[in-house]
Structure formats: C-alpha cells, structure tokens
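For the record, in the sequence shown the residue sitting at position 83 is 83 according to UniProt numbering, with numbers rising by one throughout. To keep things clear, I will list the structure first and then write my remarks on it.
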Amino acid sequence: MRGIVHPIAVWGRKAPSHSICALMLTDDQQTVVTGSQEGQICLWNLSPDFKPRILLFGHVSSVTCFAKASEKQPYVVSAAENGEMCLWNVTNGQCLENTVLIILFRFRSLCLK
C-alpha cells in the first residue's frame, strides 16, 4: 500500500518567488493553475479578490506546461524542463503520481486525450 505524502512549506514574511511561465484555467472556470520557473505550482481561486489557494512543490526545474488529465476528475498533468511529470488533484492539491522521463528535448506543450 502506498502512503500519502503531504508537503508543508513554511516561510517568513516574504513568500517564495513565483515567476509564472505556464498557465491553465480549469474546466469549471473556478481555478487558475500557474507554473513557475522555480518549479512551484500555484492554484488560484478565480474570484473578485483573486487570491492564491495552494502553493504546490513537485518539480525541481521550470514548469513548462499543463494539460487536463481526466474528463470526470479534477486532475491536471504538469511537465517540467527536466522531464518530470506530475498528476495533480486541483481540488485538494495532492500529487497523485509523478515520473521522470529520460528525454533529449524540453517540454514546451503537452496534449492528452
């Protein structure tokens, strides 16, 4: 049986840098997903105050793209420059699965059907 890992990030008065380089809007149009050059992913509530909901740490290199991963579940796949791919539940921020592909090129886009 696989255990669940819940990462927790704590910082002082200043949040970590989040230089956005990838962006996606969920199908329900309630959440904006952003990926950063620093490897973090942020889930933002699309509301009048537009505040970040969850900051996710799952990549060690720049996030390059996102794709919807399921028609029935609120899942998104993220890819990074170093070949990392993560499957995220955008409702609770849990990383459901991750892998590293040995590649000779960088991800610039990702399409799943």
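Ideal Cβ positions, reconstructed from N, Cα and C, are used throughout, including at glycine. Note that the structure is a prediction, hence the values are computed from the model and not measured.
Classify residue i as buried or exposed, calling it buried when 16 or more other Cβ atoms lie within 10 Å of its own Cβ.
| i | result |
| --- | --- |
| residue 73 | exposed |
| residue 71 | exposed |
| residue 60 | exposed |
| residue 113 | Residue placement at residue 113 is flagged as unreliable, the pLDDT there being 47, under the threshold of 50; a coordinate-derived value is accordingly withheld. |
| residue 97 | exposed |
| residue 1 | Low per-residue confidence applies at residue 1: pLDDT is 48, beneath 50, and the placement is therefore not dependable enough to give any value. |
Enumerate in chain order the residues of its own chain whose CB-to-CB distance from residue i is below 7 Å, with the five nearest sequence positions on each side excluded.
| i | result |
| --- | --- |
| residue 99 | 85 |
| residue 37 | 19, 21, 62 |
| residue 50 | 44 |
With a threshold of 8 Å on Cβ separation, who are the neighbours of residue i within its own chain once the five nearest residues in sequence on each side are excluded?
| i | result |
| --- | --- |
| residue 91 | 74 |
| residue 76 | 24, 26, 33, 66, 67, 68, 69, 87, 88, 90 |
Starting from residue i, trace the beta strand (DSSP E) both ways and give me its first and last residue.
| i | result |
| --- | --- |
| residue 63 | 63-68 |
| residue 40 | 40-45 |
| residue 36 | 31-36 |
| residue 17 | Looking at the DSSP string, residue 17 is not in any beta strand (DSSP E), and its letter there is neither H nor E. |
| residue 81 | Careful: residue 81 lies outside any beta strand (DSSP E) and carries neither H nor E. |
| residue 74 | Taken as a continuous stretch (DSSP letters only), residue 74 belongs to no beta strand (DSSP E), as it is neither H nor E. |
| residue 100 | 95-100 |
If you check the beta carbons only, do residue i and residue j fall under 9 Å apart?
| i | j | result |
| --- | --- | --- |
| residue 23 | residue 66 | yes |
| residue 45 | residue 30 | yes |
For residue i, which residues of its own chain have a beta-carbon under 6 Å away from its beta-carbon, when the five flanking residues on both sides are left out?
| i | result |
| --- | --- |
| residue 58 | 86, 95 |
| residue 82 | 61 |
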